[in-house]
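Asker: So the protein lines, in turn, are chains A and B. Those letters in the first sequence? Residues 1 to 516, per our numbering, in order. Those letters in the second sequence? Residues 1001 to 1516, per our numbering, in order. Structure below; questions to follow.
There are 2 protein chains.
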Amino acid sequence: MQKFALKVTRTQNFPEWYQSVVRDADMAELSPVRGCMVIKPWGYGIWELLQRQLDDRIKVFGFENCYFPLFIPMSFIAKEAEHVEGFAKEMAVVTHHRLRNIDGKLELDPDARLGDPLIVRPTSETIIGDSFQRWIQSYRDLPLRINQWANVVRWEMRTRLFLRTAEFLWQEGHSAHADEAEARESTRDALELYRAFAENVLAIPVVAGEKPEHERFPGADNTYSIEAMMQDGKALQAGTAHYLGTNFATAQNIKFQNKDGGDSYCHTSSWGLSTRMIGGIIMTHGDDDGLRCPPAVAPRQVVIVPILRDKPEDAAVLTFCDEILRGLRSETCFGMPVRAFVDKKLTRSADKHWNWVKRGAPIICEIGPRDAAGHVVSFMRRDKLRDGGAMTSETVSLAEFIAAVPSLLVDIQQALFDEAKTRLHTNIRTDIDSFEALKSYFGEASDDGDDSSEAKGWVRCSWSKPTGDDLTKIVDLLKKLKLTIRNAPLDQPASFKRCLFTGQAGVEEIIVARAY
Amino acid sequence: MQKFALKVTRTQNFPEWYQSVVRDADMAELSPVRGCMVIKPWGYGIWELLQRQLDDRIKVFGFENCYFPLFIPMSFIAKEAEHVEGFAKEMAVVTHHRLRNIDGKLELDPDARLGDPLIVRPTSETIIGDSFQRWIQSYRDLPLRINQWANVVRWEMRTRLFLRTAEFLWQEGHSAHADEAEARESTRDALELYRAFAENVLAIPVVAGEKPEHERFPGADNTYSIEAMMQDGKALQAGTAHYLGTNFATAQNIKFQNKDGGDSYCHTSSWGLSTRMIGGIIMTHGDDDGLRCPPAVAPRQVVIVPILRDKPEDAAVLTFCDEILRGLRSETCFGMPVRAFVDKKLTRSADKHWNWVKRGAPIICEIGPRDAAGHVVSFMRRDKLRDGGAMTSETVSLAEFIAAVPSLLVDIQQALFDEAKTRLHTNIRTDIDSFEALKSYFGEASDDGDDSSEAKGWVRCSWSKPTGDDLTKIVDLLKKLKLTIRNAPLDQPASFKRCLFTGQAGVEEIIVARAY
């Protein structure tokens, strides 16, 4: 039996495998603060690279970065609650602004109670809307397009690193427009930006589409998402974009003088993508040896491990490692300098090697005295670690290696994407057209939802797009199978099968799946 | 009398002038959340450029970025309070994690009260120390060097945009070392990093030195700062670095197995620089027409304003503006592409021009039909807007302009630095050697401290470095004059005058000044 770097494999227990990648790749850990995580350098390094590349795209899209307060007055939330049904009430509330020390014991100072408690932002529509309302006077001020990188807090009862934590990091784009058509177009453009970013930078193929009405963001007219398929077949909602109509504008009085001199409410949109995406990277690209990090977001793309033996040859090995590093210094890939690193830590070479395998550095070199003497580089591609079952490495001259690195990284990025894309397409069933067939395909769900049963993938089927109570009935039936409607993909066929749920004429195709 | 772009000049009323730069340059505004600001695109753009360049330097210094929780359990703070005297108790406290809706009214849910309240981080020594304590086992894990970019909250009674706000953005570096010497060296290196960054990137000359004992960060053995002189002569503490000894390590049990097999406490350091620095940029480089933004952190370095008249020639003007933009696209300055922008907003050209003057774009071009026809560029340097009192602009060929931009930007950066450096050096008095002379030089302070009286600069004098009660007496005397001891500069002479306060032999030179 093959031994892998992780103690548990994906097929043995997918949720445990996930936790062990997060831990063994040194990406994050639970903190002593309930539901909050510490993002460690390797995890945060991926986030920084994701952030920089997404930010560049957001700026090209015409959005400017701002920063709005962490706190939202409870009175703002109350106003929103009057206009918006069904919004979540699990949020962190600040009620005091001072502690006092009584006989060496620290406690809340009752004199420092806030009149209007402050909510730690779960999202920023209301506080940003307050600025929009002041900034927008005339149609000349529109469209207004801003973006914010921030931490947000949503009290979650059951947390999982990156996927669901009380505090997480994200970007939230917000725009206001003079007319509906432009606002709708901007929302769809945001969705397309996410799709292209996920596929081209994170190598995660996604299905972009519209959420069904019961899954809309509270207050949105339409909610769109990109959905990615994890290796256990479950869907991960990896980014959402909302067309908010004039709902928030009405609640917050975001008006402008139109070209005819009258007053109109703005049409607004918002869209967000978070550190949850790092969970998506892990569950898309990880294998039983750990993470395989897409080169475009790998904090170290080429890691050089010197094999040291406390012998005089060590010096030559280290010198040669630095020579490789110097050679790579002027190479670029994905529009940035190649990120190379020599691991000189005082631990065993084998430990270092496996550490980088588990973290998923795309190219790992092991350099011993013979490599140094021969001026050759032995390296392995992390994405093809065990081609044909055996550990594979290649040895080439230094010059060849340096020259090959940029295209190797591009190859690895493409290979990861292709693998995930094939998996996505081969795991969407389109031949299931009755609820009974759906039920028998997915089988009964286990109680904790964390079962490691066989991966099932998604079902793409037609439906009659019922609303209200008719929809609720279907949602409840699906819920019993732990299934949800992910979205209605943007690419729809010209004609439809009968509705899988009602038997009526189909009007739309949807994705049904288990999900994170 | 000369008319300026701002309604109030620096000499008329410096604090009001400051507020008007922040407002008219569209940098930030107060939010409806007490003491919290909204940082607008121009202000945030400066922060992003500052952040990226400081971050690059921090990484070269060997620190890796992480992210730690926003919240700190009150029990952690209580533990710190036992070890650390005099720490601030003004902090935002989260006591509930849910709201409930009773008869349409939103209120705290009493069932969702937290057992251990959570403090919104005012700084992260305790929560990071908790991770350090888990991450550090042996001397092989040392030094441990991490940095965090984050928002922090300190409840301030009197706030001023950028300078003192309840929530602000900063970076905090934290390190743990096996021995004192290395920890001290790292602390001083951080200080030097700040000095070089302030001077080379922000064009702000500073005096780096050690804070007197009563100004130390609670729990620090030594606190160092860089101090900058604002145009009203006041000092701005622009960055601090602390050597924490083994104080925090002892409180939090941050131990390691040393080379001899025994247990030792780590020596730790921390250092931070915040959005307050943006206030420093304004008060160092602003003039009566608004901000003059140092090119290295200017979100737009070259702004092209087309002069449009709703006539057929407009098309040629816009085409030529885009041609200038294209020409600049391949130019770089300070290691980054030149940031150029054509302002096509639908407002009057003169308004646009003055808007960019107030924001302090380093180079502003106004392009009319004659410029377009002659393929020439009329531009002005924002730093020399009124050379000799008159508005000055220059006209050169397109090719000349493109070629000149990178060196012009470098010149402007240098000119701003030189001007500030001359001001700093000519406004440090070294000839005041009695307390009476000090008193008569500074005069009585006005009550609100926001007087617009003549700028006074700093006094550099010798003292005998008293401690305890003797120091307290001096601090109280200075306080009556609204004076503070800023720091003891790192560059000390070989011999000293008598102590200005005690008449005893001097042992150190210090900076005495009014301060923000």
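Note that beta-carbon positions come from the ideal geometry of N, C-alpha and C, so glycine has one too.
(1) Apart from the five residues just before and just after B:Y1441, which ones in its own chain have a Cβ nearer than 8 angstroms to its Cβ?
(2) Grab me the residues of A:D450's own chain with a C-beta within less than 7 angstroms of its C-beta, minus the 5 sequence neighbours each way, in chain order.
(3) Report yes or no: is there a C-beta of chain B within less than 7 angstroms of the C-beta of A:E64?
(4) Does the CB of B:P1110 have a neighbour CB from chain A at under 7 angstroms?
(5) For the stretch 348-360 of chain A and the stretch 69-77 of chain A, state whether three or more C-beta atom pairs, one from each stretch, are separated by less than 8 angstroms.
(6) So if DSSP puts A:D287 in a beta bridge, which residue, or which two residues, is it bridged to?
(7) Should the stretch 1034-1046 of chain B be called in touch with the stretch 1280-1298 of chain B, which here means at least 3 C-beta pairs below 8 angstroms?
(8) For B:D1241, collect the residues of the same chain with a Cβ closer than 6 angstroms to its Cβ; drop the 5 residues on either side in sequence, then sort them by chain order.
(9) Taking the DSSP output, what are the residues bridged to A:R134?
(10) Answer with buried or exposed for A:K105, where buried requires no fewer than 16 other C-beta atoms within 10 angstroms of its C-beta.
(11) At the 7 angstroms Cβ level, is B:D1450 part of the contact set with chain A, yes or no?
(12) Quick one: give me the first and last residue of the beta strand (DSSP E) that B:A1176 is part of.
(13) Put A:F341 into one of helix, strand or coil per three-state DSSP.
(14) To be precise: take each residue of the stretch 1072-1086 of chain B, compare its Cβ to all Cβ atoms of chain A, and keep it if any distance is under 8 angstroms. Which residues remain?
(15) How long is the line joining the alpha carbons of B:A1390 and B:K1479, rounded to whole angstroms?
(16) Let me check understanding here. Comparing Cα to Cα, which of A:L163, A:E82, A:G173 and A:R134 lies closest to A:T123?
(17) At a CB-CB cut-off below 8 angstroms, which residues of chain A make contact with B:N1101?
(18) Have a look at A:N101, A:K345, A:G62 and A:I304 and flag the residue whose alpha-carbon is nearest the alpha-carbon of A:R145.
(19) Here's the rule I'm using: 16 or more other beta-carbon atoms within 10 Å means buried, otherwise exposed. How should A:M230 be labelled?
(20) If you measure beta-carbon to beta-carbon, which residues of the stretch 163-189 of chain A are closer than 9 angstroms to chain B?
(21) Taking C-beta pairs closer than 8 angstroms, name the residues in chain B that A:V120 reaches, listed in chain order.
(22) Against chain A, with Cβ distances strictly below 7 angstroms, would B:P1306 count as a contact?
(23) Measure the beta-carbon distance from A:L163 to A:R23 and round it to whole angstroms, keeping in mind my assumption that it falls under 8 angstroms.
(24) A:M157 lies in the alpha helix (DSSP H); which residues open and close that run?
(25) What does DSSP give as the partner residues of B:D1263 in its beta bridges?
(26) For the alpha helix (DSSP H) that B:I1058 lies in, which residues bound it at each end?
(27) To be precise: take each residue of the stretch 1336-1356 of chain B, compare its Cβ to all Cβ atoms of chain A, and keep it if any distance is under 9 angstroms. Which residues remain?
(28) Any C-beta of chain B sitting closer than 7 angstroms to the C-beta of A:V377?
(29) Ends of the beta strand (DSSP E) at B:Q1492?
(30) What does B:S1031 reach in chain A if we use C-beta pairs closer than 8 angstroms?
(31) So, with DSSP's three-state summary, where would you put A:D451?
(32) Taking a Cβ distance cut-off of 7 angstroms, strictly less, list which residues of the stretch 1284-1305 of chain B are near chain A, in chain order.
(33) Comparing C-alpha positions only, which one of B:V1021, B:T1011 and B:F1004 sits nearest to B:R1359?
(34) Strictly below 7 angstroms CB to CB, what residues from chain A border B:W1017?
(35) Checking 7 angstroms against the spacing of the C-beta atoms, do B:I1077 and B:I1119 come in under that value?
(36) Counting only C-beta atoms, is A:W155 closer than 7 angstroms to chain B at any point?
Answerer: Looking at the atomic coordinates:
(1) On the second sequence, residue 1441 of chain B is found 441 positions in, with the first residue counted as 1. Cβ neighbours of B:Y1441 within its own chain (closer than 8 angstroms, five residues either side excluded): R1429, I1432, K1456 and V1459.
(2) Your numbering for residue 450 of chain A matches position 450 in the first sequence. Because the pLDDT at A:D450 is just 48, under 50, the model does not fix this residue reliably, and the value given afterwards should be weighed accordingly. Cβ neighbours of A:D450 beyond the five flanking positions: P15.
(3) Against the first sequence, residue 64 of chain A aligns to sequence position 64. Answer yes: the Cβ-Cβ gap between A:E64 and chain B drops below 7 angstroms somewhere.
(4) To locate residue 1110 of chain B, count along the second sequence from 1; it is residue 110. Using a CB distance cut-off of 7 angstroms, B:P1110 does not count as an interface residue toward chain A.
(5) Judged by Cβ distances under 8 angstroms, the stretch 348-360 of chain A makes no contact with the stretch 69-77 of chain A, as fewer than three pairs qualify.
(6) Locating residue 287 of chain A in the first sequence gives position 287, counting from the first residue. Per DSSP, A:G290.
(7) Yes, the stretch 1034-1046 of chain B touches the stretch 1280-1298 of chain B.
(8) As a position in the second sequence, residue 1241 of chain B is number 241, starting the count at 1. The amino acid occupying residue 1241 of chain B in the given sequence is Ala; Asp does not appear at that position. T1187, A1190, L1191, Y1224 and W1271.
(9) One-based indexing of the first sequence puts residue 134 of chain A at position 134. Note: A:R134 sits in no beta bridge, so no partner.
(10) Counted from its first residue, the first sequence places residue 105 of chain A at position 105. With fewer than 16 other Cβ atoms within 10 Å, it is exposed.
(11) The sequence position of residue 1450 of chain B within the second sequence is 450, counting from 1. Here the model assigns B:D1450 a pLDDT of 48, short of 50, so the residue's position is not dependable and the matter cannot be decided.
(12) Within the second sequence, residue 1176 of chain B is the residue found at index 176, counting from 1. For B:A1176, the enclosing beta strand (DSSP E) begins and ends at E1167 to H1177.
(13) The residue you call residue 341 of chain A lines up with position 341 of the first sequence. Looking at A:F341 - three-state DSSP - the assignment turns out to be strand.
(14) Within the stretch 1072-1086 of chain B, the qualifying residues are I1072, P1073, M1074, F1076, I1077, A1078, A1081 and E1082.
(15) Reading the second sequence from its first residue, position 390 is the one you call residue 1390 of chain B. Reading the second sequence from its first residue, position 479 is the one you call residue 1479 of chain B. The alpha-carbon atoms of B:A1390 and B:K1479 are separated by roughly 43 angstroms.
(16) Start at 1 with the first residue of the first sequence, and residue 123 of chain A comes out as number 123. Nearest Cα to A:T123 within the set A:L163, A:E82, A:G173 and A:R134: A:G173.
(17) One-based indexing of the second sequence puts residue 1101 of chain B at position 101. Annotation: Cβ neighbours of B:N1101 in chain A (cutoff 8 angstroms, chain order): A81 and K89.
(18) As a first step, residue 145 of chain A is located in the first sequence; it is residue number 145 there, counting from the start. When C-alpha distances from A:R145 are compared across A:N101, A:K345, A:G62 and A:I304, the shortest belongs to A:G62.
(19) For this step, residue 230 of chain A is matched to residue 230 along the first sequence. Burial is judged here by how many other beta carbons sit within 10 angstroms of a residue's own beta carbon; A:M230 has at least 16 and is buried.
(20) Of all residues in the stretch 163-189 of chain A, A166, E167 and L169 have a Cβ within less than 9 angstroms of some Cβ in chain B.
(21) Reading the first sequence from its first residue, position 120 is the one you call residue 120 of chain A. Close to A:V120, with beta-carbon spacing below 8 angstroms, are these residues of chain B in chain order: L1070, V1094 and V1120.
(22) Stepping through the second sequence from its first residue, residue 1306 of chain B is reached at position 306. Under the 7 angstroms criterion on CB atoms, B:P1306 is classed as non-interfacial with respect to chain A.
(23) Residue numbering aside, residue 163 of chain A sits at position 163 when the first sequence is read from its first letter. Residue numbering aside, residue 23 of chain A sits at position 23 when the first sequence is read from its first letter. In this structure A:L163 does not touch A:R23 by the C-beta definition: roughly 14 angstroms separates them, more than the 8 angstroms allowed.
(24) Stepping through the first sequence from its first residue, residue 157 of chain A is reached at position 157. Counting along the chain, A:M157 falls outside any alpha helix (DSSP H), and DSSP gives it neither H nor E.
(25) The count along the second sequence starts at 1 and reaches residue 1263 of chain B at position 263. Beta-bridge pairing links B:D1263 to B:Q1257.
(26) Counted from its first residue, the second sequence places residue 1058 of chain B at position 58. Element bounds for B:I1058: P1041 to V1060.
(27) Of all residues in the stretch 1336-1356 of chain B, the ones placed with a Cβ closer than 9 angstroms to any Cβ belonging to chain A are K1345, L1346 and T1347, in chain order.
(28) Here residue 377 of chain A corresponds to residue number 377 of the first sequence, with the count starting at 1. No - not a single Cβ of chain B is within 7 angstroms of the one on A:V377.
(29) Taking the second sequence and counting its residues from 1, one reaches residue 1492 of chain B at position 492. For B:Q1492, no beta strand (DSSP E) run applies, since DSSP gives it neither H nor E.
(30) Sequence index remark: in the second sequence, residue 1031 of chain B carries index 31 (1-based). The answer, in chain order, is F68, P69, I127, D130 and S131.
(31) By one-based count along the first sequence, residue 451 of chain A stands at place 451. For A:D451, the predicted model reports a pLDDT of 49, less than 50, meaning its position is unreliable and no value from the coordinates is stated.
(32) Those would be none; no residue qualifies.
(33) Here residue 1359 of chain B refers to the residue found at position 359 when the second sequence is read from its first residue. Ranked by Cα distance from B:R1359, the options B:V1021, B:T1011 and B:F1004 are led by B:V1021.
(34) For the purposes of this step, residue 1017 of chain B is taken as the residue at position 17 of the second sequence. What B:W1017 touches in chain A: nothing, since even the nearest Cβ is about 23 angstroms away.
(35) As a first step, residue 1077 of chain B must be located in the second sequence, where it is residue number 77. As a first step, residue 1119 of chain B must be located in the second sequence, where it is residue number 119. Taking 7 angstroms as the cut-off, the beta carbon of B:I1077 is found closer than this to the beta carbon of B:I1119.
(36) In the first sequence, the residue the question calls residue 155 of chain A occupies position 155. Closer than 7 angstroms: yes.
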